[in-house]
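Step one of this worksheet: look at the structure below.
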Ligand code: SPV
Ligand code: MG
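Numbering (our numbering), first residue to last: 79 to 363.
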């Protein structure tokens with residue numbers, strides 16, 4: 079089911095972060111029903127900051143690897159739209175060409191800075207951001223989903239401003255609102271939800287308020303959760319540990335049982351399937 083239908087039917091959905099073809103496959107195999115193509119995680123996997131240091135064509139390249147490898151829908155983190163409405167239009171056109179039909183854009187400036195860095199980041203003027211939403215919607219067409227991300231709370235602005243912005247983005251045609259927060263408990267997200275009163279489906283990103291339970295989100299009217307950076311963070315920890323042990327011990331003895339087997343790797347890369355194809359198309363007689 080695509081993201082638009084899920085939102086229409088109010089289906090509870092967990093969007094798991096992926097940052098390349100391999101992680102996207104793992105997300106799908108584990109059973110998640112949707113992927114968050116995280117700007118932070120994709121940039122990090124390139125060794126780059128989350129400040130639009132990677133060009134959008136580099137991002138498209140990675141997202142295409144994901145799209146090629148999975149059937150579940152992908153919600154793309156489009157940062158602040160990679161520029162103005164013109165860049166948004168081109169980005170949406172490109173997404174459609176690689177079979178991706180859902181985009182999230184945030185109401186910050188270009189280049190953006192990751193929301194967890196610094197305080198009181200500047201926000202985009204409301205009318206300018208609304209024009210980006212309209213441009214994305216007009217370009218995307220009926221099957222395209224546009225999630226408008228409100229950065230007011232995480233940027234130290236008031237609840238009133240967050241609600242005012244969300245209302246404007248709804249009027250501009252957004253299909254859902256992502257309300258971002260870096261508090262350690264979800265109270266401001268829940269307060270937003272209460273005031274918002276189901277006018278559009280809500281997304282939350284519980285990175286900082288990670289102790290809040292799934293059922294609390296559902297009880298508070300938030301059906302869409304984004305686990306935004308947990309695969310890249312787990313791979314960083316794991317790669318560091320493995321590299322350090324091999325470096326220090328000059329041996330694989332204490333590593334072999336801690337890492338995935340080669341068979342697990344070959345499963346993920348469809349090696350067995352290719353062996354079948356070999357028999358069909360590459361036999362010598
Ligand atoms: C991302 O995953 O890139 C996000 C979420 O935008 S956050 O890092 O929380 O801003
Ligand atoms: Mg991001």
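Think of the CB as a built atom: it goes at the ideal place given N, C-alpha and C, for glycine as much as any other residue. What you are looking at is a predicted structure, and each value in this text was computed from that prediction instead of being measured.
Just to confirm the assignment: which complete beta strand (DSSP E) runs, minimum length 3, are found wholly within the segment 243-301? 254-257 and 280-282
Which of the three DSSP states, helix, strand or coil, is assigned to residue 132? coil
Given 7 angstroms as the limit, tell me if residue 117 has its C-beta closer than that to any heavy atom belonging to the ligand SPV. yes
How big is the Cα-Cα spacing for residue 170 and residue 152? 13 angstroms
Have a look at 80, 88 and 79 and flag the residue whose alpha-carbon is nearest the alpha-carbon of residue 278. 88
Would you say the beta carbon of residue 155 comes nearer than 7 angstroms to a heavy atom of the ligand MG? Yes, Cβ of residue 155 sits closer than 7 angstroms to a heavy atom of the ligand MG.
Could you tell me whether any non-hydrogen atom of the ligand MG is closer than 7 angstroms to the CB of residue 185? no
Would you mind stating whether residue 232 and residue 258 have Cβ atoms separated by less than 8 angstroms? yes
Would you kindly work out how many angstroms separate the C-alpha atoms of residue 271 and residue 334, rounded to a whole number? 48 angstroms
Nearest residue (CA-CA) to residue 117, options 355, 310, 321 and 327: 310
Could you tell me if residue 21 is buried or exposed, where buried requires 16 or more neighbouring beta carbons within 10 angstroms of its beta carbon? This structure cannot settle anything about residue 21, because the visible part of the chain is limited to 79 through 363.
Would you check whether the ligand SPV has a heavy atom nearer than 7 angstroms to the C-beta of residue 306? For the ligand SPV, a non-hydrogen atom lies closer than 7 angstroms to the CB of residue 306.
Beta-carbon within less than 7 angstroms of residue 143's beta-carbon, same chain only, minus the 5 sequence neighbours each way: which residues are those? 98 and 99
Would you say the beta carbon of residue 341 is closer than 7 angstroms to some non-hydrogen atom of the ligand MG? no
Inspect the beta-carbon positions of residue 158 and residue 214 and report whether they are closer than 8 angstroms. no
Where does residue 94 land, buried or exposed, given buried means 16+ other C-beta within 10 angstroms? buried
Does the separation of the CB atoms of residue 253 and residue 224 fall below 8 angstroms? yes
Work out the CA separation of residue 346 and residue 106 for me, nearest whole Å. Annotation: residue 106 to residue 346 spans about 11 angstroms, alpha carbon to alpha carbon.
Nearest to residue 208 by CA position, among 90, 312, 344 and 249, is which residue? 249
Quick one: what's got a C-beta closer than 7 angstroms to residue 243's C-beta in the same chain, skipping five residues either side? 185, 204, 228 and 230
Tell me whether residue 283, by its Cβ, gets closer than 7 angstroms to a heavy atom of the ligand SPV. yes
Contact between the segment 298-316 and the segment 325-334 (3+ Cβ pairs under 8 angstroms): no
Which runs of the alpha helix (DSSP H) spanning at least 4 residues fall entirely within the segment 324-350, listed in chain order? Runs of the alpha helix (DSSP H) lying entirely within the segment 324-350, each at least 4 residues long, are 340-346 in chain order.
Collapsed DSSP secondary structure at residue 92 in the structure displayed: strand
Flag residue 188 as yes when its Cβ comes closer than 7 angstroms to any non-hydrogen atom of the ligand SPV, and as no otherwise. no
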